[in-house]
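Written out below as structure tokens is the structure these notes cover.
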Amino acid sequence: MRLGLSGHDRRPDDPILAIRRFGLQFSNPVGLAAGFDKNAEVPEAALRLGFGLTEFGTVTPRPQPGNPKPRIFRLPAQQAVINRLGFNNEGLDVAARRAEALQKRGDGIIGGNIGKNKDSTDAVADYVTGAARLSPLVDYLTVNVSSPNTPGLRALQGRAALTELLSAVQAARRAPVPILVKIAPDLTEDDLEDIIRAVIDTQVAGIIISNTTIERPAGLPPVLASEAGGLSGVPLFAPSTEMLRRAYRLAGDTIPLVGVGGIANADDAYAKIRAGASLVQLYTALVYQGPGLVRRIKAGLAARLRADGFARLEDAIGVDSR
Ligand SMILES: Cc1cc2nc3c(=O)[nH]c(=O)nc-3n(C[C@H](O)[C@H](O)[C@H](O)COP(=O)(O)O)c2cc1C
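For the sequence shown, our numbering gives the first residue as 15, with consecutive numbering after it.
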């Protein structure tokens, strides 16, 4: 889903939106989610649109084509997308070389999202390779164990497998960048508790909640709802926010959470923050609304924080989940 990333928002961010998490200073909490910039082609352009953070990837060690087309389906009436891209990407070397060229960047946080090749027989080794290569080049790393389009990937969310994977990734870093783990919205309460235990045990820095869903909420056009893949956009807002709320209730302020899924306006972003998100990310709404969305969300967020009497973003995090 290519769309140009021209456009600028050079205005400095409202200081009420600033937040510090996992040792990084964000001038605003609104991020571009993984999948838009699979090959690290446009991180700087994304930041120029006004995002406080951008995450390239998912990158796999070797290049791979992904699934046959068609593999992206728009559901415009629902402001949703179903995709089964399957980690199409140019591979780690290409992404790393582009990331190397970014070294002299200014403001804005750039993350790298890593995964495994479809035909790999050693998942942990793939993530270790990605972490070793990208850690010196990014501000944070995301371990993506939640794409529905790579067979077996989500099994890495189990407690034992995840603990092993996250320990290996932590140990493989060549620079002490924070590691985040990105999880699915389709998890039971027990699954979520296991993930939080694994995150605490391995001292990983945070959790991104969530990736796309394999569920098909009522109201989708049946022809499209039957397409295999992950659903994103407005219908994902409620389930992903509910998962975020549950994680915040379990983990409190000990593990920073990134809220993703169906954010289409400032109210949605604010609701994720009040549910427990320290930062938010979006993708699908950008496809439907274009880049002006970022500025609108930031302005609306600042206004809502002030209207509710918060002096800082920090003070609003999790207030609806306590
Ligand atoms: C076309 C498309 C490709 C995606 N590719 C990735 C990916 O490579 N890695 C990843 O972690 N998430 C990927 N995602 C998931 C998004 O990062 C995000 O978690 C999800 O779409 C929910 O946010 P949204 O409702 O704002 O789109 C992709 C989403 C879409 C729509």
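Yeah, the Cβ is synthetic: ideal placement off N, Cα and C, and Gly gets one too.
According to DSSP, residue pairing for residue 154 in a beta bridge involves 125.
With fewer than 16 other beta carbons inside 10 angstroms of its own, residue 135 counts as exposed. Of the residues assessed, residue 268 falls on the exposed side of the cut-off, its CB having fewer than 16 other CB atoms within 10 angstroms. The beta carbons of residue 69 and residue 89 sit no closer together than 8 angstroms. Not one heavy atom of ligand 1 is found less than 7 angstroms from the C-beta of residue 33. At a threshold of 7 angstroms, residue 279 does not count as near ligand 1, since its beta carbon sits no closer than that to any of the ligand's heavy atoms. If you draw a straight line from the Cα of residue 281 to the Cα of residue 317, it comes to about 11 angstroms. DSSP lists 46 and 124 as the bridge partner or partners of residue 68.
When DSSP states are grouped into helix, strand and coil, residue 303 belongs to the helix group. Residue environment: residue 286 is assigned as buried (16 or more neighbouring CB atoms within 10 Å of its CB, all protein chains considered). About 17 angstroms separates the beta carbons of residue 160 and residue 102, which is beyond the 8 angstroms limit, so they are not a contact pair. Put simply, of 37, 331 and 97 the residue whose alpha carbon is nearest the alpha carbon of residue 243 is 97. In the structure shown, residue 198 adopts coil according to DSSP, grouped into three states. Here residue 83 is exposed: its Cβ has fewer than 16 other Cβ atoms, across all protein chains shown, within 10 Å.
Within 7 angstroms of the C-beta of residue 275 there is at least one heavy atom belonging to ligand 1. For residue 290, there is no enclosing alpha helix (DSSP H), as DSSP gives it neither H nor E.
Distances from the alpha-carbon of residue 41 to those of 52, 291 and 121 put 121 closest. DSSP links residue 88 through a beta bridge to 95.
Secondary structure at residue 138: helix, using DSSP grouped into helix, strand and coil. Non-local beta-carbon contacts of residue 54 in its own chain, meaning distances under 6 angstroms to residues more than five positions away in sequence, involve 70, 109, 112 and 113 in chain order. Unbroken beta strand (DSSP E) runs of no fewer than 3 residues, entirely contained in the region 201-243, are found at 220-223, following chain order. Of the candidates 137, 165, 210 and 308, the residue whose Cα lies closest to the Cα of residue 182 is 137. Looking from the CA of residue 249, the closest CA among 293, 133 and 275 belongs to 275.
Look at residue 330: its beta carbon is at least 7 angstroms from all of the heavy atoms in ligand 1. The beta carbon of residue 52 sits closer than 7 angstroms to at least one heavy atom of ligand 1. DSSP places residue 260 in the helix class (H, G or I) of the three-state scheme.
Checking the 7 angstroms criterion, the Cβ of residue 45 is out of range of every heavy atom belonging to ligand 1.
Around the CB of residue 202, fewer than 16 other CB atoms lie within 10 Å, so the residue is classed as exposed. In terms of Cβ geometry, residue 186 and residue 142 form a close pair [threshold 8 angstroms]. Annotation: residue 191 is outside any beta strand (DSSP E) and is labelled neither H nor E by DSSP.
Cβ neighbours of residue 44 within its own chain (closer than 7 angstroms, five residues either side excluded): 65, 66, 283, 294, 308, 311 and 312. For residue 250, no alpha helix (DSSP H) run applies, since DSSP gives it neither H nor E. DSSP, reduced to helix, strand and coil, places residue 34 within a strand of the structure shown.
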